[in-house]
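Numbering (the numbering used here), first residue to last: 1 to 227.
In what follows, a single structure is set out as structure tokens and then discussed.
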Ligand code: HEM
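Encoded structure:
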């Protein structure tokens, strides 16, 4: 048992499970952010009430802590696995093996992960940090209550073309990272059922393409359409 806990297979399982958990976070986060497509005052009010709920509800707070822990675990464990595999093969292959099916994204998971980590730092600084600790504009509701106007912060951030481009670029990196990550996580957690292999591959491709594409459509919509 002790051997298992320190084995590479256990660490790969942890990397996979934390990664799959983060995909469920991404889906929830994406669904919440879709409210940014609602135009005008209705969208602003709905999104700000949602943001207030997300920052004050105790169940959401616990879920947030689990999410931060999963992000940290995923980074630390995948970093460890990369270092271990480099130690085991200190000199890279001179030529890529012809039947190497792992593809570009597999060989570059660490680079893609680093881009996503950089994205996360910039992203959390812009919205999460500002919402919790920064100076925020307020929206006054019809009943006189005032709530933090995260909608205004978000929509004005995406009026900057560079910032919008940065998001779209990072969603490209996220897509490649998810393509390889979801496929290999499904295998690592033991779903190697022969007849379903193709289906799992298609699920991975669908997840890897659709989530980042819909995420990317939000900044593009806010930049080009919403005034
Ligand atoms: C491109 C569209 C996206 C938009 C418009 C967006 C918007 C936001 C906003 C407004 C917040 C602050 C919410 C709050 O403090 O309650 C937030 C938090 C967060 N975002 Fe995003 N986000 C996007 C994409 C992403 C992606 C792709 C990831 C991960 C790779 C991500 C990870 C996070 C995390 C971890 C938090 C903190 C959540 C928490 O405190 O529980 N976001 N996002």
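Every residue gets a Cβ at the ideal spot worked out from N, C-alpha and C, and that includes glycine.
Between residue 215 and residue 30, the beta carbon gap of about 6 Å places them in contact (Cβ cut-off 8 Å). With a threshold of 7 Å, the Cβ atom of residue 124 counts as near ligand 1, since some heavy atom of the ligand is closer than that. Looking from the CA of residue 119, the closest CA among 131, 59, 166 belongs to 166.
The residues 8, 11, 12, 15, in chain order, have a CB closer than 8 Å to that of residue 81 in the same chain once the five nearest residues on each side in sequence are set aside. No Cβ-Cβ contact shorter than 8 Å links residue 140 with residue 48.
Under the DSSP assignment, residue 147 falls in the beta strand (DSSP E) whose first and last residues are 146-148. Inclusion of residue 29 in the 7 Å shell around ligand 1 follows from its C-beta lying nearer than that to a non-hydrogen atom of the ligand.
Its chain contains 36, 47, 127, 222 as the residues whose beta carbon lies nearer than 8 Å to that of residue 154, once the 5 sequence neighbours on both sides are disregarded; these appear in chain order. Of the candidates 84, 135, 149, 83, 149 places its Cα closest to the Cα of residue 53. According to the DSSP secondary-structure assignment, residue 119 is paired through a beta bridge with no residue.
Shortest Cα-Cα distance from residue 6 to any of 58, 156, 34, 77 involves 77.
Of all alpha-carbon atoms in 219, 208, 28, the one lying nearest the alpha-carbon of residue 180 is that of 208. With contacts defined as CB atoms closer than 8 Å, residue 50 and residue 28 fail to qualify as a contacting pair.
Within the region 33-78, the complete alpha helix (DSSP H) segments at least 4 residues long are 40-56, listed from N- to C-terminus. Of the candidates 131, 123, 84, 130, the residue whose Cα lies closest to the Cα of residue 110 is 84.
Remark: C-beta atoms of residue 220 and residue 168 approach each other more closely than 8 Å.
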